[in-house]
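Sequences listed follow chains B and L, in order.
The numbering of the first sequence is the working numbering, which starts it at 1085 and goes up by one.
The numbering of the second sequence is the working numbering, which starts it at 65 and goes up by one.
Heads up, the thing below is written out as structure tokens.
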Amino acid sequence: MKEKLECILNDGKAKISSALTIAALQDVKAFLLGKQGAITEVLKEIPKLDVSVRAEIGRAANDLKNTFTDLINTRRDEIALKASEISPDFDLTVPGIKPNGGTLHPITQMCYDLNDTFLSMGFEVFEESDITSELYAFDNLNFPPDHPARESMDTYWIAGSNESKSRLCLRPHLTGASVRYMQTNKPPFRFVYPGRAYRNEATDAKHERAFFQYEALIVDREFTFSAGKVMIKSILSKVFGCDVPVRMRVGFFPFVEPGFEIDMGCLVCGGSGCSVCKQVGWIEIMPGGTPHPNVLRAAGLDPDEYTGFYVNIGLDRLVMMRYGIDDIRLLRSADLRFLNQFK
Amino acid sequence: MKISLNWIKDYIKIPENIELSKLAYDLTMSTVEVEGMVDLSKSFENMVVGVVEEVNPHPDADKLVICKVSIGDLGDVGDDEPREIVCGGINVKQGMKVAVARPGAMVRWHGEGELVELKKAKVRGVESYGMICSSSEIGLFDLFPFEDEATIMDISFVDSKAGTPLAEALGLDDIILEVDNKSLTNRPDLWGHYGIAREIAAIYDLPFAPPEAMNGAVTAKTPKDDFEIIIDDTIRCPRYIGVNIEGLSVKPAPFEIQSRIWRVGMRPINAIVDITNYVMLATGQPTHAFDSDVVQGNIIVRRAKKGEKLLLLSGSELSLTDEDLVIADETEAIALAGVMGGAKDSILPTTDKIILEIANFDALGVRRTTIRHEVRTESSTRFEKGIDPERCDITLATAMQLFEQCYPGQDIKITGFFDNYPKKSEIKTIEVSLKWLEARLGIKLPNQRLESILGRLGFDVSFANKGSDEIMSVVVPSWRSTGDVSIPDDIMEEVARIHGLENFEPTPITTAFEGAVNQPKVLIDRKIREYLAFKCGMNEVYTYPWVGEEYINAILPGSGEMLEMTSPPSPSERYLRSSLLPNLCKAVSDNLRYFNEFSIFESAQVMQGKDYKEEYDPRESLPLQRRHVAGAFVATADQYSKVFRHAKGVLEAMARSVHMEEITLVRGEACDKPVWADDVVWLAIKIGDKTIGCMGLLSQKAAQGCGIKNASTMLFELDIDALEPLQSRTNKFTHIPEYPISEYDVSLLFDEGVKWEDIRQCAAGKEGPDNLLREVSFVEQYKGKQVPDGKKSVTIRLLIGSLKKTLTSDEIESCAAAIVKRLGKVLGAAAR
Chain B
1085 MKEKLECILN
1095 DGKAKISSAL
1105 TIAALQDVKA
1115 FLLGKQGAIT
1125 EVLKEIPKLD
1135 VSVRAEIGRA
1145 ANDLKNTFTD
1155 LINTRRDEIA
1165 LKASEISPDF
1175 DLTVPGIKPN
1185 GGTLHPITQM
1195 CYDLNDTFLS
1205 MGFEVFEESD
1215 ITSELYAFDN
1225 LNFPPDHPAR
1235 ESMDTYWIAG
1245 SNESKSRLCL
1255 RPHLTGASVR
1265 YMQTNKPPFR
1275 FVYPGRAYRN
1285 EATDAKHERA
1295 FFQYEALIVD
1305 REFTFSAGKV
1315 MIKSILSKVF
1325 GCDVPVRMRV
1335 GFFPFVEPGF
1345 EIDMGCLVCG
1355 GSGCSVCKQV
1365 GWIEIMPGGT
1375 PHPNVLRAAG
1385 LDPDEYTGFY
1395 VNIGLDRLVM
1405 MRYGIDDIRL
1415 LRSADLRFLN
1425 QFK
Chain L
65 MKISLNWIKD
75 YIKIPENIEL
85 SKLAYDLTMS
95 TVEVEGMVDL
105 SKSFENMVVG
115 VVEEVNPHPD
125 ADKLVICKVS
135 IGDLGDVGDD
145 EPREIVCGGI
155 NVKQGMKVAV
165 ARPGAMVRWH
175 GEGELVELKK
185 AKVRGVESYG
195 MICSSSEIGL
205 FDLFPFEDEA
215 TIMDISFVDS
225 KAGTPLAEAL
235 GLDDIILEVD
245 NKSLTNRPDL
255 WGHYGIAREI
265 AAIYDLPFAP
275 PEAMNGAVTA
285 KTPKDDFEII
295 IDDTIRCPRY
305 IGVNIEGLSV
315 KPAPFEIQSR
325 IWRVGMRPIN
335 AIVDITNYVM
345 LATGQPTHAF
355 DSDVVQGNII
365 VRRAKKGEKL
375 LLLSGSELSL
385 TDEDLVIADE
395 TEAIALAGVM
405 GGAKDSILPT
415 TDKIILEIAN
425 FDALGVRRTT
435 IRHEVRTESS
445 TRFEKGIDPE
455 RCDITLATAM
465 QLFEQCYPGQ
475 DIKITGFFDN
485 YPKKSEIKTI
495 EVSLKWLEAR
505 LGIKLPNQRL
515 ESILGRLGFD
525 VSFANKGSDE
535 IMSVVVPSWR
545 STGDVSIPDD
555 IMEEVARIHG
565 LENFEPTPIT
575 TAFEGAVNQP
585 KVLIDRKIRE
595 YLAFKCGMNE
605 VYTYPWVGEE
615 YINAILPGSG
625 EMLEMTSPPS
635 PSERYLRSSL
645 LPNLCKAVSD
655 NLRYFNEFSI
665 FESAQVMQGK
675 DYKEEYDPRE
685 SLPLQRRHVA
695 GAFVATADQY
705 SKVFRHAKGV
715 LEAMARSVHM
725 EEITLVRGEA
735 CDKPVWADDV
745 VWLAIKIGDK
755 TIGCMGLLSQ
765 KAAQGCGIKN
775 ASTMLFELDI
785 DALEPLQSRT
795 NKFTHIPEYP
805 ISEYDVSLLF
815 DEGVKWEDIR
825 QCAAGKEGPD
835 NLLREVSFVE
845 QYKGKQVPDG
855 KKSVTIRLLI
865 GSLKKTLTSD
875 EIESCAAAIV
885 KRLGKVLGAA
895 AR
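Here you go:
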């Protein structure tokens, strides 16, 4: 008889703990404690037992009854806490309904990231027109009259411009209009200037006729070119989200003196050399330098008094590096299969 | 440009502790960008000089021989026994020195295809240790040209003994630096090995002096009686030296000269031509040689006559303009000055006397000519950068020394010499304030250091006190005086780059500003873009500012006021956009290939050739340019009413999201329908009374013109510059109603022509304290099976409530009933 009780206990414990719903637990309770339940059956058997063991078995059966009652109550609380009216077959893997989110162009995204960085450093954002004149695109910037960039094979000139005025063109770079800003504001200056620029050249996966530049300029009385490095580091660490090694090396641009090519450490190989950086560990990322005295003069400033620092970043290239885009033409393709990737 | 390190070593001694990678890095940082370094000897690994000891016939092949070739002590076998090599060379003979490729060498079979690794192999049954190479098999055809393919390289002229590595024996154990030409554009002094050597010497403070050969003098400086150099245009040609040299012959140059010019990428031709090229590669100064038998009388440097013909060395015949400068004799043009010689007067197989030209030509003139005639040469590339006329002297000396070297023992005579130098170049002196220099550099460098740095670059420096400041006077060397160095800032750059840009610590930006940045006008564009993308689910696109003619024709009234480019990307894309819509429609058309339903927008400038302004400077007059934003909502053809409501909703909610003055969408008499819009479905976008844009359905005709099929395209475009951003948010707080407001929906039948705005106004009734109607709104409208023809069912939502009490259901019902009754009376509405 003892063995039987043992058996009922083990079986009962298992049944209770495997009951998942209140209804199932109710069935288990009836099976164990009900009128035809297992324990009732035992109790019915007692009178048939030898007198010497009746009392002992009776106690044991009652203890078992109490144990089951406790276990069932505990289990009932557990189920109540977890209860759901919904079928366990409910498919949790069905995709969610997403808000109808569109996209900003990846260049716009990059531009706004940079704007936010510079705005936090007290820079203004300056915007200007796509069409400019030779005066602002070249003359003011110290381009010699015979500079190759002035040729129509380099710059998109506008037909039928007023003969008595400076020739008009699609701006070949942004730098020209920095002078416009300086002419109409009071120094010191600290501003960024994003915008489109255009150059007449053959297009392929690496070259475009239209591109997006981002310029940052500081002009002040005291400024050494080595302070410019801080500005560059701020830009790159914002774009790439990590501290990027930067080097400045000599470079020539008519509108800066001294002029620099600014390289960043190749993030693909970490500087050890790979196909992306042509094995040199550095990638040319932007020109920069101190505005040429003639540029400051054109802006109405005395170059003996004012100096500064300037960088001009090609955002197309930076975006391509940020995402590993291998064809620059995709950026102006308006192809949604491309644009939809940049949430 | 390719730079040979061995060549550089003619001029300077590079200390052994400077590693090549360091040299390339330092040059890149301070002077020019070194893009790569090639160790030439790598291509000749496992190739050695062999001496043919015996030539025996091959038992099984007529055209092959078995050679016994000494290739020195190989170490791997431990002896220097000759090896057997099967060879097919028709010129192989006993005693000949040959190039032997050993197993492991990379060769090109018969000079074609990919490089393959050589292995020991049996050739027609006979084991061959390696290969006796032909020049094309190891990439040396230009140095060892042959006519019959079965010719092996004869290198008997080398001093080296058997077993010497081939690269060493031929002087090909050289490192070639690849310099990015773009980084040289402003440095005409660096277009030759001599100039680069000077920079390296300056960077590492190495002794540097021109070798004797460069200081040599021409022995017969006497003009010939019957020969003169006449310069007609001294602006375009500031100097011309002509040297008559006789007693020459056309033959190959000594191997070392050929090898040098070949190593830096030029092809050896003959001794005379090779000398002119060698001199250019050494000094950066192009030179040219004319066959003086063909030149008639004097040399004249003049402008070409209009239409004058000149057949160039390259074989192309040019029709010249009077802007081109030519070298001419008494009868005709014989060379395009600074660009290329003519075919007639160049070095011929029979040439034995020449006129050597060492001249200086104006950079701009040469460049214009190369662009005009689309000929660009090593010579024109250098002249375009602006070479100083003084350089003719070292060039002349170098050339004369080479002639002696190439024609030893031959009795070459200088029979005439003429140096016409009408325009000496100006030597500049720049005064630099040391106070200023210190402020700009951020550090103070001792005078001694400044003198050392600048001195190495060829600048003469002296110091003088001036008040509390000290002035450094810097005399610019001639080779930097062609525009490269002219102001104190240029001197600062010279000092900074040689001092080492990495030796300047970054300093914090100290510029202080007052006040916060507040530019609502600038930032409104961003707010609009973010609204359209993130709130309205549109995709931003970028397109070009030029517009294809087909899209102009389809979308715009015409190209009348559009600006036109002189050299457009393509003839059909010569106009610049006066509207964003044509290119947006192109984007729609392109994307319809992959998507049925989408919405895109672009924000950019548009321009028109009118309303010119002289805003910044009276010398310029800029056309009308405005920032616009345009969008397109695309769905299937039957969905036009849905896209209409979508587009309209986007515009209606824009002002509130963007924080700008309210815009309205209306159809008044004063508005003109845009060309591209459907006759019925379009609205003007207004701010106050002013029209600032338009929205509407792309008409069938316009869609067809853009190649858009089976789609409804709803467009809008508006002028961002006309929008008025608000200085701050203008939300207003009102108390939350104290008493409940009930929603009451009612569906009514109207005639199809009844407009929602009329329904809304009629339902709203008169405003007044007793009006329990708080708001009327549109739920949906329906036409179809359950609605009779000519009718539509409109579901209207009424919000009914009182400000003073809770309404009973009777009161709500009677308010609604009154409205329904009014709609029935005024607009003929009937219950469904």
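Where a beta carbon is used, it is the ideal one built from N, C-alpha and C, also for glycine.
The model shown is predicted, which means the values in this text are computed figures rather than measured ones.
Would you mind telling me which residues of chain B sit closer than 7 angstroms to MET718 of chain L, beta carbon to beta carbon, in chain order?
-> Within chain B, no residue comes near MET718 of chain L; the closest Cβ sits about 14 angstroms away, beyond 7 angstroms.
Rounded separation between GLU557 of chain L and PHE1210 of chain B - CA only = When only Cα atoms are considered, GLU557 of chain L and PHE1210 of chain B end up about 29 angstroms apart.
Leaving out five residues before and five after TYR1220 of chain B in sequence, what residues of the same chain have Cβ atoms less than 7 angstroms from its Cβ?
-> Cβ neighbours of TYR1220 of chain B beyond the five flanking positions: GLY1260, ALA1261, VAL1263 and ARG1264.
Listed from N- to C-terminal order along the chain, which residues in the region 433-461 of chain L have their beta-carbon within a distance smaller than 7 angstroms of any beta-carbon of chain B?
-> Answer in chain order: ILE435.
Contact residues within the region 1374-1387 of chain B, judged by C-beta distance below 9 angstroms to chain L | Within the region 1374-1387 of chain B, the qualifying residues are THR1374, HIS1376, PRO1377, ASN1378 and PRO1387.
GLN703 of chain L to LEU761 of chain L span [Cα, whole Å] = Spanning the two alpha carbons is a distance of roughly 11 angstroms.
Who are the Cβ neighbours of SER545 of chain L in its own chain at under 8 angstroms, not counting the five residues just before and after it?
-> Around SER545 of chain L: ASP452, SER489, GLU490, ILE491 and LYS492.
So, helix, strand or coil for CYS456 of chain L, using DSSP?
-> Of the three classes helix, strand and coil, the one that applies to CYS456 of chain L here is helix, per DSSP.
Beta-carbon spacing of LYS1313 of chain B, PRO570 of chain L below 7 angstroms = Cβ distance < 7 angstroms, so LYS1313 of chain B and PRO570 of chain L count as in contact.
If we count the other Cβ atoms within 10 Å of its Cβ and call it buried at 16 or more, is TRP820 of chain L buried or exposed?
-> Note on TRP820 of chain L: under 16 other CB atoms within 10 angstroms of its CB, so exposed under the neighbour-count rule.
Can ILE1369 of chain B be considered in contact with the ligand NAD, in the sense that its beta carbon sits closer than 6 angstroms to one or more heavy atoms?
-> Questions concerning the ligand NAD fall outside what the structure shown contains, since it holds no ligand whatsoever.
Cross-chain neighbours of GLY601 of chain L in chain B, by beta carbon under 7 angstroms = Within chain B, ASN1184, GLY1185 and GLY1186 have C-beta atoms less than 7 angstroms from the C-beta of GLY601 of chain L, given in sequence order.
When L:SER866, L:ALA882 and L:ILE305 are compared against PHE482 of chain L, the one with the closest alpha-carbon = Between PHE482 of chain L and the set L:SER866, L:ALA882 and L:ILE305, the nearest pair of CA atoms involves L:ILE305.
Using 8 angstroms as the threshold, is the region 614-634 of chain L in touch with the region 577-593 of chain L, meaning 3 or more CB pairs across them?
-> Judged by Cβ distances under 8 angstroms, the region 614-634 of chain L makes no contact with the region 577-593 of chain L, as fewer than three pairs qualify.
To the nearest angstrom, report how far apart ALA1107 of chain B and GLU1125 of chain B are at their CA atoms.
-> ALA1107 of chain B and GLU1125 of chain B have their alpha carbons spaced roughly 23 angstroms apart.
THR1201 of chain B beta carbon less than 7 angstroms from that of LYS1322 of chain B | Judged by beta-carbon spacing, THR1201 of chain B lies within the 7 angstroms limit of LYS1322 of chain B, meaning their Cβ atoms are closer than that value.
What residues in the region 1330-1349 of chain B have a beta carbon less than 8 angstroms from any beta carbon of chain L?
-> Residues of the region 1330-1349 of chain B with a Cβ closer than 8 angstroms to any Cβ of chain L, in chain order: ARG1331, MET1332, ARG1333, VAL1334, GLY1335, PHE1336, GLU1341, PRO1342, GLY1343, PHE1344 and GLU1345.
Are ASP409 of chain L and PHE354 of chain L touching if we call contact CB-CB under 7 angstroms?
-> PHE354 of chain L is positioned such that its CB atom lies closer than 7 angstroms to that of ASP409 of chain L.
Compute the beta-carbon to beta-carbon distance between PHE1339 of chain B and HIS1291 of chain B, rounded to the nearest angstrom, for a pair I have assumed lies under 8 angstroms.
-> About 22 angstroms; that fails the 8 angstroms criterion.
Within this structure, are the beta carbons of ALA233 of chain L and VAL222 of chain L separated by less than 7 angstroms?
-> One thing to note: ALA233 of chain L has its Cβ within 7 angstroms of the Cβ of VAL222 of chain L.
When the Cα of THR870 of chain L is compared with those of L:LYS885, L:ASP853, L:THR298 and L:PRO801, which residue comes out closest?
-> Per the Cα distances, L:PRO801.
Nearest to GLN845 of chain L by alpha carbon, out of L:GLU831, L:MET718 and L:ILE860?
-> Nearest C-alpha to GLN845 of chain L: L:ILE860.
Residue interval of the beta strand (DSSP E) (run including GLN672 of chain L) | Where GLN672 of chain L is concerned, the enclosing beta strand (DSSP E) stretches over 662-677.
Can you have a look at TYR803 of chain L and say buried or exposed, based on whether 16 or more other CB atoms are within 10 angstroms of its CB?
-> Under a 10 Å Cβ-count criterion, TYR803 of chain L is classified as exposed, with fewer than 16 other Cβ atoms of the shown protein chains found around its own Cβ.
Quick one: does THR1259 of chain B have its CB under 7 angstroms from some CB of chain L?
-> Chain L contact via Cβ: absent.
Is the region 1145-1153 of chain B touching the region 1112-1123 of chain B, taking contact as three or more C-beta pairs under 8 angstroms?
-> Yes: the two stretches touch, three or more of their Cβ pairs being nearer than 8 angstroms.
With 16 as the cutoff for other CB atoms within 10 Å, does TRP173 of chain L come out buried or exposed?
-> Burial call: exposed.
What does PHE697 of chain L reach in chain B if we use C-beta pairs closer than 7 angstroms?
-> Against PHE697 of chain L, chain B offers no close residue; the least beta-carbon distance is about 12 angstroms (beta-carbon pairs closer than 7 angstroms).
Partners in chain B for ALA701 of chain L, counting only beta-carbon separations shorter than 8 angstroms | For ALA701 of chain L, there are no C-beta contacts with chain B under 8 angstroms, since the nearest C-beta of that chain is about 20 angstroms from it.
Alpha-carbon to alpha-carbon, GLU678 of chain L and PRO1278 of chain B | About 23 angstroms.
Can you tell me which of the three DSSP states LEU230 of chain L falls into?
-> Assigned with DSSP and collapsed to three states, LEU230 of chain L falls in helix.
Which one of L:VAL190, L:ARG327, L:ILE391 and L:VAL745 has the shortest CA to CA distance from LEU241 of chain L?
-> Among L:VAL190, L:ARG327, L:ILE391 and L:VAL745, the Cα nearest to that of LEU241 of chain L belongs to L:ARG327.
For HIS563 of chain L, the three-state DSSP class (helix, strand or coil) | In this structure, HIS563 of chain L counts as helix in the three-state DSSP scheme.
When the Cα of LYS184 of chain L is compared with those of L:GLU178, L:GLU176, L:VAL190 and L:GLY194, which residue comes out closest?
-> Residue L:GLY194 holds the alpha-carbon nearest to the alpha-carbon of LYS184 of chain L among L:GLU178, L:GLU176, L:VAL190 and L:GLY194.
Please state whether DSSP places GLY480 of chain L in a helix, a strand or coil.
-> Secondary structure at GLY480 of chain L: strand, using DSSP grouped into helix, strand and coil.
From L:ALA560, L:GLU502, L:GLN512 and L:GLU495, pick the residue whose C-alpha is nearest to that of VAL540 of chain L; which is it?
-> Out of L:ALA560, L:GLU502, L:GLN512 and L:GLU495, L:GLU495 has the C-alpha closest to the C-alpha of VAL540 of chain L.
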